[in-house]
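Asks: Residue numbers (my numbering): 15 to 270.
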């Protein structure tokens, strides 16, 4: 992905359903091609269609050995991080984007997929090669409060519920599934009673046992989730949502 965010569609058309997104530098495996569209497979196994103007070939990555070193890759921890390429061009990098940065002329420099470079503030980044606690990830998620809901969204330009959760688990280093019903079946999650939910545990909601929403417990009977926008609320005060609570899953077996 060469743009900050790439929209991926169910079919090769902009009038088709937006089903998910890819973030800058994300690797997409081409499965098929139709006109100016590629059918691609993402790291999480999702298959969808992306227009060619969102993507670029991997030559910059392939030909730069510095980009092959894990210690040179960082997660963006700001909700949106502005970088300037030149006086007339800027990028807004979304939270959770995994980007390569190297020291260049005594400054930390981000390399973009087309080879362009820009100075970047190290304080706005998390080194991907260093361990981070899930509590820290949840603390960072609070900077995303107010970001609007977007069906198929998984960037800080807009999240759906499962895209929000997946982004947080990706920063922690877990290749979490994309959709809420898939997340419910993730190996290692352990079903528990709601009264035993702890910080980080996942709450799944359903209509007639069809899972359609997911939230994260942050303690004190509060959840953080994307519903209209990213918000924190006391679950029992949202009576409409509370009555749809389907399963509560402990993450203790997957978070070390």
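We put the CB at the ideal spot given by N, CA and C, even for glycine.
Which same chain residues, not among the five before or five after residue 57, have their C-beta less than 8 Å away from its C-beta?
Replies: Cβ within range, chain order: 40, 41, 189.
Asks: Does the region 199-212 come into contact with the region 148-162, if we say contact requires no fewer than three beta-carbon pairs (one atom in each stretch) closer than 8 Å?
Replies: Judged by Cβ distances under 8 Å, the region 199-212 makes no contact with the region 148-162, as fewer than three pairs qualify.
Asks: Using three-state DSSP, classify residue 101 as helix, strand or coil.
Replies: Here residue 101 sits in coil by DSSP.
Asks: Specify whether the region 73-82 and the region 99-109 touch according to this definition: at least 3 beta carbon pairs, one from each stretch, less than 8 Å apart.
Replies: In short, these stretches do not touch, since the Cβ pair count stays below three.
Asks: Counting beta carbon pairs with one atom in the region 164-181 and one in the region 236-254, are three or more of them shorter than 8 Å?
Replies: Flag = yes, the region 236-254 and the region 164-181 touch.
Asks: Does residue 118 pass the burial test, meaning 16 or more other C-beta atoms within 10 Å, or should it be called exposed?
Replies: Exposed.
Asks: Could you name the residues that DSSP lists as bridge partners for residue 65?
Replies: For residue 65, which the question treats as bridged, DSSP gives the partners 51.
Asks: Rounded to the nearest angstrom, what separates residue 68 and residue 230 at their Cα positions?
Replies: Looking at the two C-alpha atoms, the distance is approximately 31 Å.
Asks: So, using beta-carbon positions, are residue 104 and residue 138 closer together than 8 Å?
Replies: No, the pair does not count as a contact, with Cβ atoms beyond the cut-off.
Asks: Output yes or no for whether 8 Å exceeds the beta carbon distance between residue 178 and residue 244.
Replies: Yes. Within cutoff.
Asks: Assuming residue 151 contacts residue 194 under a Cβ cut-off of 8 Å, what Cβ separation, rounded to an integer in Å, is found between them?
Replies: 19 Å between Cβ atoms; not a contact.
Asks: Residue 19 and residue 108 - do their beta-carbons sit closer together than 8 Å?
Replies: Cβ distance < 8 Å, so residue 108 and residue 19 count as in contact.
Asks: What residues match up with residue 244 in a beta bridge as DSSP calls it?
Replies: According to DSSP, residue 244 bridges with 240.
Asks: With three or more C-beta pairs closer than 8 Å as the rule, is the region 172-187 touching the region 202-209?
Replies: With a cut-off of 8 Å, the region 172-187 and the region 202-209 do not count as touching, because too few Cβ pairs lie within range.
Asks: Taking the C-alpha atoms as reference points, what is the distance between residue 248 and residue 232?
Replies: So the alpha carbons of these two residues sit roughly 10 Å apart.
Asks: According to DSSP, what are the bridge partners of residue 121?
Replies: For residue 121, which the question treats as bridged, DSSP gives the partners 118.
Asks: Taking all protein chains shown into account, decide if residue 135 is buried (16 or more other Cβ within 10 angstroms of its Cβ) or exposed.
Replies: Per the 10 Å Cβ criterion, exposed.
Asks: Within the continuous alpha helix (DSSP H) that includes residue 186, where are the two ends?
Replies: Start and end: 175-186.
Asks: Taking C-alpha atoms, which residue in 28, 60, 267, 174 lies nearest to residue 51?
Replies: Among 28, 60, 267, 174, the Cα nearest to that of residue 51 is on 28.
Asks: Along the chain, where does the alpha helix (DSSP H) containing residue 154 start, and where does it finish?
Replies: Note, residue 154: alpha helix (DSSP H), 148-155.
Asks: According to DSSP, simplified to helix, strand and coil, what is residue 93?
Replies: In the structure shown, residue 93 sits in coil (DSSP, three-state: anything other than H, G, I, E or B).
Asks: Between residue 87 and residue 142, is the Cβ-Cβ spacing less than 8 Å?
Replies: For residue 87 and residue 142, yes; Cβs fall inside 8 Å.
Asks: Give every residue of the same chain whose Cβ lies closer than 6 Å to the Cβ of residue 95, excluding the five residues on either side of it in the sequence, and list them in chain order.
Replies: The answer, listed in chain order, is 107, 138.
Asks: Just curious, the beta strand (DSSP E) that residue 35 is in, first and last residue?
Replies: Counting along the chain, the beta strand (DSSP E) containing residue 35 begins and ends at 32-37.
Asks: Consult DSSP for residue 200 and reduce its assignment to one of helix, strand or coil.
Replies: In this structure, residue 200 counts as coil in the three-state DSSP scheme.
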